[in-house]
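Asker:
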Amino acid sequence: MSDTAEYAETAPPGKGDAAPAATGGKASRTPSPWRSRLYRWDIKASPYVFVAPFFLFFGAFGLFPLLYTGWASLHRLELTNLDDSTWLGLDNYTNLLQSEYFWNALGNTFTIGVISTVPQLAVALGIAHLLNYKLRGSMLWRVAMLAPYATSVASASLVFTLLFAWDGGMVNWLIGSVGFDPVNWRESSWGSQFAVSSIVIWRWTGYNALIYLAAMQAVPHDLYESAALDGASRWQQFRHVTIPMLRPTILFTVVVSTIGATQLFGEPLLFGGTAGSKGGADHQFQTLGLYLYDQGWINGHLGRASAVAWLMLVILLLIAAVNMLIARRLRKDR
Amino acid sequence: MRSSTFRRSRRSRRLVAYAATAALATSLLAACSSDDEGGSAGDGKITLNVGTFGVLGLKQAGLYDEYEKSHPNIRIKENVIERNDAYYPKLLTQLQSGAGVNDVAAIEVSNITEVVQTQGAKFEDLGKAKGVKKSTYLDWKWDQATTEDGKTIGLGLDIGPTALCYRKDLFEKAGLPTDREKLAKEWAGDWDKYVALGKKYMEKAPKGTKFVDSAASVYNQVFAGATERYYDKSGKEIYEDSQGRKDAWNAAMKVARGDMSAKLKQFDPTWDQGFANAKFATVACPAWMAGYIQEKTGPEGKGQWDMAKAPTDGNWGGAFLGVPSAGKHKKEATELAVWLSSPEQLAKVFAKQASFPSTPSAYASLKPSPATKAYFNDAPITELYADIAKNIPSAVYGIKDAQIGQSITDIGVLQVEQQGKSPEEGWEAAQKEIKDVLGQ
Chain U
1 MSDTAEYAET
11 APPGKGDAAP
21 AATGGKASRT
31 PSPWRSRLYR
41 WDIKASPYVF
51 VAPFFLFFGA
61 FGLFPLLYTG
71 WASLHRLELT
81 NLDDSTWLGL
91 DNYTNLLQSE
101 YFWNALGNTF
111 TIGVISTVPQ
121 LAVALGIAHL
131 LNYKLRGSML
141 WRVAMLAPYA
151 TSVASASLVF
161 TLLFAWDGGM
171 VNWLIGSVGF
181 DPVNWRESSW
191 GSQFAVSSIV
201 IWRWTGYNAL
211 IYLAAMQAVP
221 HDLYESAALD
231 GASRWQQFRH
241 VTIPMLRPTI
251 LFTVVVSTIG
261 ATQLFGEPLL
271 FGGTAGSKGG
281 ADHQFQTLGL
291 YLYDQGWING
301 HLGRASAVAW
311 LMLVILLLIA
321 AVNMLIARRL
331 RKDR
Chain P
1 MRSSTFRRSR
11 RSRRLVAYAA
21 TAALATSLLA
31 ACSSDDEGGS
41 AGDGKITLNV
51 GTFGVLGLKQ
61 AGLYDEYEKS
71 HPNIRIKENV
81 IERNDAYYPK
91 LLTQLQSGAG
101 VNDVAAIEVS
111 NITEVVQTQG
121 AKFEDLGKAK
131 GVKKSTYLDW
141 KWDQATTEDG
151 KTIGLGLDIG
161 PTALCYRKDL
171 FEKAGLPTDR
181 EKLAKEWAGD
191 WDKYVALGKK
201 YMEKAPKGTK
211 FVDSAASVYN
221 QVFAGATERY
231 YDKSGKEIYE
241 DSQGRKDAWN
251 AAMKVARGDM
261 SAKLKQFDPT
271 WDQGFANAKF
281 ATVACPAWMA
291 GYIQEKTGPE
301 GKGQWDMAKA
311 PTDGNWGGAF
321 LGVPSAGKHK
331 KEATELAVWL
341 SSPEQLAKVF
351 AKQASFPSTP
361 SAYASLKPSP
371 ATKAYFNDAP
381 ITELYADIAK
391 NIPSAVYGIK
401 DAQIGQSITD
411 IGVLQVEQQG
421 KSPEEGWEAA
431 QKEIKDVLGQ
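Chains as they are written, first to last, in UniProt numbering: chain U, 1 to 334; chain P, 1 to 440.
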C-alpha cells in the first residue's frame, strides 16, 4: 500500500520527465486538484470496498443475529408473536439456571462430548499412523476414511437409529447372539448416550485421521531413521517422534471437536425420532442444542431459547480460555 | 503522457473491479432475498406453493394435476414436511417474517386454536371467498378455524373419525374372535373390555407379537373421544383434572403395565417396520391411518387387516387449508384452496387415501377404492367412518394442545412403558414437562 500511496502523491508533478513538466506542466496540472483528491480517495477507499462483502455478510449473518439474540434473551418473546415483547431483564437467565432441564442438558452435552471426542481422536491417531506406512492402494484407504464424513447427518443417524432399535435392531441381535439381554438403547441413559456418540465417532474419525495424516507427512523422515538406528520400535517411534511432532495438530483437533461437541444437535435429534427435541422420555440425551431447539421452536419461547444460545457462547468462551492456558503451558514445557 | 495513459488504464481497470465487486455483492444479496421459487415464471405461468405435512393425499389423489389441466396458467408445487412437529414451527416463522410463505398452507387440528388466536390477522378470510358455503362443512370443523370476530382462516380438509384396525390372522392364532361386528360388540363403550381382550390375546399371543403398537396410541385414541380435553371454554388449562385426560391416561397405563405393547414409538422408522413384520395386532385407526397402514404393511398385509368400531368414537387429527396474506398470489391461492377443499375433491382423496372429508354432503357419494377395501378385508369403510363421524363429541381445543399432548405421550407414557417407571412417576414427569412448555 505504501508504495502506491507514495506514487499517487508524487505522480502529478511528473517526476522523472522533467522536460514536459517544465513546458506542459501547467496544462497537465489544471484538472489535478480535483483529480488527485478523487485519486487519493480512490486509493484509500478501494481496499475497504474489496473487503466490504465479507463485512456485509458478517454483519447480516453473524453480528446482527448475535446482537438480536442478546436483545431477545432479555425479553419475553414468543414465536407466535414477534412484534410483541416485554422486558424481562435477566429473568430468562435466572430461570434457566434454576431449571433442571438446562443443567441436565449441560451435563449430557459434556458426557456425550467426552465419550465421543476422546475415542474419536485416539482412533483417528491410530488410523493415521497406519495410513502413514507405505500401503498398497493408499489413496483408496484415504478416500474410504473420508466417506463417513461425506455422508449426511440425516442418513447416518437414520441408519444408526435402526441399528440401535431395541427390537429387531442389529446391535441387539448381535449382543443377543452372544447371550446378553437386549438393551433399550434409546430409553436407557448410558445406552442412548453411547449410541449418539457412536454416530459422532463414525462420522468424524476419518476426517480427523486425514488431518493427522497430513501433519504426519510433514514430520522429517530422518527423525524416524535415526530413531530406527537407535533401535526404537515402531510403537516407540510413534510415542516419541510422532506424538510430540503432532502436538499442535492434536491441540487443533481437540478445539474443533470440542466446539462440535458443544453444538451437537442433528444426531441426537434424529436418533430421538418423533419428539426428538426432548432427547428421550427422561431427557437422557437432550443436549444444549436440542434444549435450545425445544424451547424455541417446539415450545415457542424464543426469549428463553436466546438465553440458552448466549449461555452456550459463554461456555464456549470459557472452554477456549482454558484451552489457551493449556496450550501456553505445553509450549513452555517444550 | 505515458504516465497518464498508465494511470487511466489503471483507473479503468479499477473501475471494472468496482463494478464487478458491486455486481457480485448485489447479485449475492439478491440471491439471498429474492424467492427463486415463487412468483411468475418466464412462461407467464403462476407457481402456487402448497405447504403440507405428512400425507394429506391431495397430490396422491391427482388433484394438482387436474387443477393444472383446467387452469393452464397455474403451476402447483407441493412442499411437504414429513412431520407436523417440524412443519408447524416453520409455518409460524414464515408467517412472522412474511418471507417465504407458501401460497396455501395446511394447518393441523391440534395447532388450529393457536393459529386462530395468534395468527388470525395473517390469513385471508376464506369464509368470504367466492364459492364457499359454511353449510358445506361440519359445524364444529368450521368453528375451529374461525376467529372470535367471525373470520374463517382455514377450510376443513379431512377429519379423523377413529376406528380400531386389527390383524385378523393374529387374532385367529391367539384364539380371539375375528368378526368385526362381534369384536365391536365385545368391547363396546368400555376401554377396560378392550384391555381385557388384550390380556386374553397375550396369553396365547403368536410369538414376537403384542396386542398394541404402543401405549401412546391407546392414549391418543381414548383421548380422541373425550369431551373434556386440556383446556376449558375460557382457555384455562385443566389438563390435571380433565376427565378425558384421566380416562386416556388410565387406559394407556393398563396397556403399558400389562406388557401388551410392542413399545414402538409412532411414526418412527421402527414403527413402520413393526407394520411390515406384523409385530402388533391392533392399532388406533383414524381414517387417515388407513392409507398409512396400507403403505407400510405392504402387499403381504392384504386381506389380513380389518377394522371395527372402537370402544368409544372420537376424532384424532385432521387438517385445514389456509391462505397466508403475505403470499404473492392471494387471489389464485384462494381459488385453489377453495377448490381443493370442496366436497367433490375431498371425495376423491377419500377414494385414494381413505382420509375422511369434513364436508357431510360428500358422504353419500363416498367410495373407497376397491384396492383399499380389499386390503381391509372388505370392511365397510365408508359406512363405518361416516357412522363414527356422526358421534364425534364437540370438544374444546386449546392453544398449546399439540405440545401438551406430546409431553404426555412422549415423556409421561413413554417413561412408564419403556423405562419401567411407575404411573405416578410418569405423570409427575409429564406435568413438569407441561409446565416447562407453558413457560410457567
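Idealized CB from N, CA, C, for every residue including glycine.
Using a Cβ-Cβ cut-off of less than 9 Å, give me the residues of the region 205-223 of chain P that come near chain U, in sequence order.
Answerer: Here the close residues are G208.
Asker: Less than 8 Å between CB atoms is the rule here; does U:D167 satisfy it with respect to chain P?
Answerer: Indexing the first sequence from 1 puts residue 167 of chain U at position 167. U:D167 counts as touching chain P.
Asker: If the criterion is Cβ atoms closer than 8 Å, does the pair P:A106 and P:F320 meet it?
Answerer: Locating residue 106 of chain P in the second sequence gives position 106, where the first residue counts as 1. Locating residue 320 of chain P in the second sequence gives position 320, where the first residue counts as 1. Contact flag set, yes.
Asker: When DSSP labels each residue in this structure, what does U:R328 get in the three-state scheme?
Answerer: On the first sequence, position 328 is the one that residue 328 of chain U refers to. Residue state, collapsed to three classes: helix.
Asker: Excluding five sequence neighbours on each side, which residues of the same chain lie with their C-beta closer than 6 Å to the C-beta of U:V171?
Answerer: By 1-based counting over the first sequence, the position of residue 171 of chain U is 171. If we look at U:V171 and ignore the five residues flanking it on each side, its Cβ neighbours are L163 and F164.
Asker: Just to confirm, is the Cβ distance from U:T262 to U:L288 under 8 Å?
Answerer: Counted from its first residue, the first sequence places residue 262 of chain U at position 262. Counted from its first residue, the first sequence places residue 288 of chain U at position 288. Contact flag set, yes.
Asker: By the three-class DSSP mapping on this structure, what secondary structure does P:R83 have?
Answerer: Counting from 1 along the second sequence, the entry for residue 83 of chain P is found at position 83. DSSP places P:R83 in coil when its eight states are reduced to three.
Asker: Look at the alpha carbon of U:M324 and the alpha carbon of U:W204, and state the distance between them as a whole number of angstroms.
Answerer: By one-based count along the first sequence, residue 324 of chain U stands at place 324. By one-based count along the first sequence, residue 204 of chain U stands at place 204. Distance between the alpha carbons of U:M324 and U:W204: 24 Å.
Asker: Let's test the definition: count the other Cβ atoms within 10 Å of the Cβ of P:K141 and tell me whether it reaches 16, buried, or not, exposed.
Answerer: Within the second sequence, residue 141 of chain P is the residue found at index 141, counting from 1. P:K141 should be labelled buried.
Asker: Per DSSP, which residues does P:Y137 bridge with? Please list them.
Answerer: By 1-based counting over the second sequence, the position of residue 137 of chain P is 137. BP columns for P:Y137 are empty, so no partner.
Asker: Look up U:W202 in the DSSP assignment and give the residues it is bridged to.
Answerer: If you number the first sequence from 1, residue 202 of chain U lands on position 202. Its beta-bridge partners do not exist; DSSP assigns none.
Asker: For U:M216, does the count of other Cβ atoms within 10 angstroms reach 16, so buried, or fall short, so exposed?
Answerer: One-based indexing of the first sequence puts residue 216 of chain U at position 216. It is buried - the Cβ of U:M216 has at least 16 other Cβ atoms within 10 Å.
Asker: Is it buried or exposed, P:S70, if we count other Cβ atoms within 10 angstroms and call 16 or more buried?
Answerer: As a position in the second sequence, residue 70 of chain P is number 70, starting the count at 1. Exposed.
Asker: Flag P:F267 as yes if its beta-carbon sits less than 8 Å from any beta-carbon of chain U, otherwise no.
Answerer: One-based indexing of the second sequence puts residue 267 of chain P at position 267. It does; some Cβ of chain U falls within 8 Å.
Asker: Starting from the C-beta of U:Q120, find all residues in its chain whose C-beta is less than 6 Å away, skip the five residues before and the five after it, and write them out in chain order.
Answerer: Position 120 of the first sequence, counting from 1, holds the residue named residue 120 of chain U. Here the set comprises I201, W204 and T205.
Asker: Roughly how many angstroms separate the alpha carbons of U:L316 and U:A105, rounded to a whole number?
Answerer: As a position in the first sequence, residue 316 of chain U is number 316, starting the count at 1. As a position in the first sequence, residue 105 of chain U is number 105, starting the count at 1. Looking at the two C-alpha atoms, the distance is approximately 15 Å.
Asker: Since U:K44 meets chain P, which of its residues come closer than 7 Å, beta carbon to beta carbon?
Answerer: For this step, residue 44 of chain U is matched to residue 44 along the first sequence. Going along chain P, no residue has its Cβ under 7 Å from U:K44, so there is no contact; the nearest lies around 13 Å.
Asker: According to the neighbour-count rule (16 or more other Cβ atoms, all chains shown, within 10 Å of its Cβ), is U:V322 buried or exposed?
Answerer: Within the first sequence, the letter at position 322 stands for residue 322 of chain U. Under this definition U:V322 is an exposed residue.
Asker: Under 8 Å between C-beta atoms, does P:I159 make it to chain U?
Answerer: For the purposes of this step, residue 159 of chain P is identified with residue 159 of the second sequence, where counting begins at 1. Judged by the 8 Å Cβ criterion, P:I159 is not in contact with chain U.
Asker: When the Cα atoms are used, what is the spatial distance from P:W427 to P:L155?
Answerer: Here residue 427 of chain P corresponds to residue number 427 of the second sequence, with the count starting at 1. Here residue 155 of chain P corresponds to residue number 155 of the second sequence, with the count starting at 1. For P:W427 and P:L155, the distance between alpha carbons rounds to 36 Å.
Asker: Go ahead and label P:A248 buried or exposed: buried means 16 or more other beta carbons lie within 10 angstroms of its beta carbon, across all protein chains shown.
Answerer: The residue labelled residue 248 of chain P in the question sits at position 248 within the second sequence. Buried: at least 16 other Cβ atoms inside 10 Å.
Asker: Less than 7 Å between C-beta atoms, sequence neighbours within five positions excluded: which residues of the same chain meet that for P:K254?
Answerer: As a working note, residue 254 of chain P is residue 254 in the second sequence. Closer than 7 Å at the Cβ level, and outside the excluded window around P:K254, lie V195.
Asker: Identify, in the order they occur along the chain, each residue of the same chain with its Cβ nearer than 8 Å to the Cβ of P:E172, setting aside the five sequence neighbours on each side.
Answerer: Translated into the one-based positions of the second sequence, residue 172 of chain P becomes position 172. Around P:E172: T178.
Asker: Just how far apart, CA to CA, sit P:E240 and P:G160?
Answerer: Within the second sequence, numbered from 1, the residue matching residue 240 of chain P stands at position 240. Within the second sequence, numbered from 1, the residue matching residue 160 of chain P stands at position 160. Their Cα atoms are separated by approximately 25 Å.
Asker: Nearest by alpha-carbon distance to P:F211: which of P:E237, P:A256, P:S261 and P:R229 is it?
Answerer: As a position in the second sequence, residue 211 of chain P is number 211, starting the count at 1. It is P:S261 whose Cα lies nearest to the Cα of P:F211.
Asker: Measuring CB to CB, does U:L290 end up less than 8 Å from U:S306?
Answerer: Indexing the first sequence from 1 puts residue 290 of chain U at position 290. Indexing the first sequence from 1 puts residue 306 of chain U at position 306. For U:L290 and U:S306, no; Cβs fall outside 8 Å.
Asker: For P:D65, count the other beta carbons within 10 Å of its own beta carbon; 16 or more makes it buried, fewer makes it exposed. Which is it?
Answerer: For this step, residue 65 of chain P is matched to residue 65 along the second sequence. Counting Cβ neighbours within 10 Å, P:D65 comes out exposed, since fewer than 16 surround it.
Asker: Residues of the region 55-89 of chain P in Cβ contact with chain U at a cutoff of 8 Å, in chain order, please.
Answerer: Within the region 55-89 of chain P, the residues whose Cβ lies closer than 8 Å to some Cβ of chain U are R83, D85 and P89, listed in chain order.
Asker: Going by other Cβ atoms of all chains shown within 10 Å of its Cβ, with 16 needed for buried, is U:T94 buried or exposed?
Answerer: In the first sequence, counting from the first residue as 1, residue 94 of chain U sits at position 94. It is exposed - the Cβ of U:T94 has fewer than 16 other Cβ atoms within 10 Å.
Asker: Beta-carbon within less than 6 Å of P:A174's beta-carbon, same chain only, minus the 5 sequence neighbours each way: which residues are those?
Answerer: As a working note, residue 174 of chain P is residue 174 in the second sequence. If we look at P:A174 and ignore the five residues flanking it on each side, its Cβ neighbours are Y201, K204 and A205.
Asker: At 4 residues or longer, what runs of the alpha helix (DSSP H) sit wholly inside the region 45-85 of chain U?
Answerer: Fully enclosed alpha helix (DSSP H) runs of 4 or longer: 64-72.
Asker: Restricting to Cα atoms, I'd like to know which of P:D169, P:Q419, P:Q96 and P:M307 is closest to P:A207.
Answerer: Position 207 of the second sequence, counted from the start, is the residue given in the question as residue 207 of chain P. Here residue 207 of chain P is Lys; the residue named in the question, Ala, does not match the sequence. Answer by Cα proximity: P:D169.
Asker: Can you give me the C-alpha to C-alpha distance between U:E225 and U:L213, rounded to a whole angstrom?
Answerer: Translated into positions along the first sequence, residue 225 of chain U becomes position 225. Translated into positions along the first sequence, residue 213 of chain U becomes position 213. Whole-angstrom Cα-Cα distance: 18 Å.
Asker: Pull up the distance between the alpha-carbon of U:A21 and that of U:W41, whole angstroms please.
Answerer: The count along the first sequence starts at 1 and reaches residue 21 of chain U at position 21. The count along the first sequence starts at 1 and reaches residue 41 of chain U at position 41. Caution is warranted here: a pLDDT of 43 is assigned to U:A21, below 50, making its placement in the model unreliable, and no coordinate value can be reported.
Asker: Do the region 93-102 of chain P and the region 379-387 of chain P make contact, defined as three or more Cβ pairs closer than 8 Å?
Answerer: Verdict: no, contact absent.
Asker: If the cut is a Cβ gap below 7 Å, which residues of chain U does P:V437 touch?
Answerer: Position 437 of the second sequence, counting from 1, holds the residue named residue 437 of chain P. Under the 7 Å cutoff, chain U gives N299.
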